[in-house]
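J.:
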Amino acid sequence: MRLALNYELRLSADMKFTSLTDLSLERIKIPPGDLHLLARLVSTESCPRLQKLRMVHVCLQVFHHEEMWLQETTDVLPDAVEDDANVRSLELRTPGLQALHILSCNPEVMLCVSVPRLEELALPFEIGYTRCVKVDGDLTHVRSLKICLWSYYPRVVLSRAKAVNDASKRHIKLCTSVTCLDVTLCGRKISKDDQQVEILKSMIPHLPCVTSLTVNVSPPVGRRDFGASVATLLTRFRNLRCLSKHLPFYLMGLKQDECHHPDHWISNEISMSHLQEVEFTGLTGTDCELWLMKAMLTSAKKLHKVDISFHPDFCQNKGKIDAFEHMLHGEGMWTSHRDTLKLIVFR
């Protein structure tokens with residue numbers, strides 16, 4: 026059942042859905058005094074067969090003394106609490122929980138999670154929300170982890186950026202069996218005098234179990250700034266099979282194809298010998314992007330698929346796309362598909 030109301034939802038104490046297995050609450054407000062009714066709604070008493078709970082932009086309006094408790098002892102709720110859960114206290118004790126996604130929440134919230142069977146954890150907070158989440162246990166069953174990391178510390182958000190990195194570092198240590206890692210990179214290097222320090226290498230241990238890495242470059246990161254951060258991040262992995270990198274933004278009116286800094290990808294610490302598949306989205310044909318492709322082709326001899334998408338506002342000349350294609354063809358790959366903004370090649 027999916028409820029997407031854009032309105033306040035009044036709950037009843039006698040609600041019962043004996044056959045409901047999937048519940049999605051989206052864009053609703055729970056009025057003050059009703060938190061206990063929401064907790065009851067997702068309990069085994071009201072929904073004995075509930076297996077999946079999703080909360081998206083749910084505003085839980087609270088009195089100062091009010092708390093919400095979700096405590097389950099049965100194997101339910103394999104997917105819970107996503108996006109803007111605005112409560113004073115929310116406790117999840119769900120042994121059967123398999124996937125937990127929290128995309129944003131009120132900094133005043135304290136969410137305590139005890140989920141020994143969790144397999145998928147997403148906590149990609151860019152700023153300010155890390156103190157509201159506490160995950161108990163070693164999370165040894167987690168295979169997929171999504172986090173945010175600041176590669177530089179801007180002075181204006183120094184303490185909050187450090188808090189995000191501390192939380193992400195803690196989750197990496199707890200999730201010892203992660204094979205799929207999704208990282209959102211934040212932090213723009215504005216000037217030499219801005220007291221920003223690249224910290225990824227000292228913060229993240231080597232992660233030999235990770236075989237799939239996704240890197241999302243946050244919009245505040247400059248087009249020329251991502252190279253050093255991504256290159257540093259890649260030194261932490263030795264067994265990558267799949268690599269995805271996403272650049273979701275484009276700054277119009279700026280000449281961004283030429284990069285006046287060293288090639289970040291020539292470091293001997295970066296190992297791509299096991300890499301098989303690559304996906305890049307949002308490219309614009311900068312020197313950094315071409316250097317990365319060249320570095321991969323030099324070391325990734327097992328690479329058999331490259332999927333490249335250029336940004337819709339891509340305004341560089343056609344020769345940049347040709348440069349990618351010619352480089353790939355030179356390594357024995359062939360084009361499966363090409364159009365204005367898309368290039369797929371195989372070996």
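Numbers 26 to 372, taken from the numbering used here, label the letters of the sequence shown in order.
Backbone N, C-alpha and C define an ideal beta-carbon position, used for all residues, glycine too.
1. Taking the beta strand (DSSP E) that Thr360 belongs to, which residues open and close that run?
2. Measuring CB to CB, does Ile369 end up less than 8 angstroms from Asp332?
3. With a CB to CB cut of under 7 angstroms and the five nearest residues on each side skipped, what residues in its chain are close to Ala256?
4. Take the Cβ of Pro423 as the centre, count every other Cβ of all protein chains shown within 10 Å, and call the residue buried at 16 or more, exposed below.
5. Determine the DSSP secondary structure at Leu6, reduced to helix, strand or coil.
6. Assign Arg185 to buried or exposed, taking buried as 16 or more other Cβ atoms, counted over all protein chains shown, within 10 Å of its Cβ.
7. Considering only the beta carbon of each residue, do Pro48 and Cys72 sit closer than 8 angstroms?
8. Can you tell me whether Ser269 is helix, strand or coil according to DSSP?
9. Roughly how many angstroms lie between the CA atoms of Gly310 and Phe335, to the nearest whole one?
10. For Thr323 and Lys226, I'd like the C-alpha separation in whole angstroms.
11. Relative to the C-alpha of Leu345, which residue among Ser361, Leu315 and Arg363 is closest?
12. On the criterion of 16 or more Cβ atoms from any shown chain inside 10 Å, does Ala29 qualify as buried, or is it exposed?
13. If I'm right that Ser254 touches Ser176 with Cβ under 8 angstroms, what's the distance once you round it to whole angstroms?
14. Please report the distance separating the alpha-carbon of Glu145 from that of Gly212.
15. Classify Gly252 as buried or exposed, calling it buried when 16 or more other Cβ atoms lie within 10 Å of its own Cβ.
16. Closest by CA to Asp451, which one among Glu70, Lys41 and Leu34?
17. Answer yes or no: do Val242 and Phe262 have a C-beta to C-beta separation smaller than 8 angstroms?
18. Any idea what DSSP makes of Phe349, helix, strand or coil?
19. By the 10 Å Cβ neighbour count, where 16 or more other Cβ atoms means buried, how is Lys198 classified, buried or exposed?
T.: Walking through what the data contain:
1. Translated into positions along the sequence shown, residue 360 becomes position 335. It spans Trp359 to Arg363 - the beta strand (DSSP E) in which Thr360 sits, taken as one unbroken run.
2. Within the sequence shown, numbered from 1, the residue matching residue 369 stands at position 344. Within the sequence shown, numbered from 1, the residue matching residue 332 stands at position 307. Yes, the Cβ-Cβ distance between Ile369 and Asp332 is below 8 angstroms.
3. Within the sequence shown, residue 256 is the residue found at index 231, counting from 1. Taken in chain order, the residues that qualify are His289, Trp290, Ser292 and Ile295.
4. With the chain covering only 26 through 372, there is no way to say anything about residue 423.
5. Since the first residue shown for the chain is 26 and the last is 372, residue 6 is missing from the structure and cannot be characterised.
6. Locating residue 185 in the sequence shown gives position 160, counting from the first residue. Flag for Arg185 reads buried.
7. Residue numbering aside, residue 48 sits at position 23 when the sequence shown is read from its first letter. Residue numbering aside, residue 72 sits at position 47 when the sequence shown is read from its first letter. Contrary to the premise, residue 48 reads as Leu rather than Pro in this sequence. A contact, by the Cβ cut-off of 8 angstroms.
8. In the sequence shown, residue 269 corresponds to position 244, counting from 1. Residue state, collapsed to three classes: strand.
9. Translated into the one-based positions of the sequence shown, residue 310 becomes position 285. Translated into the one-based positions of the sequence shown, residue 335 becomes position 310. Spanning the two alpha carbons is a distance of roughly 8 angstroms.
10. The count along the sequence shown starts at 1 and reaches residue 323 at position 298. The count along the sequence shown starts at 1 and reaches residue 226 at position 201. Cα to Cα, Thr323 sits roughly 23 angstroms from Lys226.
11. As a working mapping, residue 345 is identified with position 320 in the sequence shown. The sequence given here has Lys at residue 345, not Leu. Per the Cα distances, Leu315.
12. The residue given as residue 29 occupies position 4 in the sequence shown. Exposed, by the Cβ-count rule.
13. Your numbering for residue 254 matches position 229 in the sequence shown. Your numbering for residue 176 matches position 151 in the sequence shown. About 4 angstroms; that satisfies the 8 angstroms criterion.
14. Numbered from 1 along the sequence shown, position 120 holds the residue referred to as residue 145. Numbered from 1 along the sequence shown, position 187 holds the residue referred to as residue 212. If you take the alpha carbons of Glu145 and Gly212, they lie about 26 angstroms apart.
15. Within the sequence shown, residue 252 is the residue found at index 227, counting from 1. Classification of Gly252: buried, given that the 10 Å Cβ count is 16 or more.
16. Outside the displayed span of the chain (26 to 372) sits residue 451, for which this structure offers no information.
17. To locate residue 242, count along the sequence shown from 1; it is residue 217. To locate residue 262, count along the sequence shown from 1; it is residue 237. Cβ atoms of Val242 and Phe262: not closer than 8 angstroms.
18. Position 324 of the sequence shown holds residue 349. Here Phe349 sits in helix by DSSP.
19. Within the sequence shown, numbered from 1, the residue matching residue 198 stands at position 173. Classification of Lys198: exposed, given that the 10 Å Cβ count is below 16.
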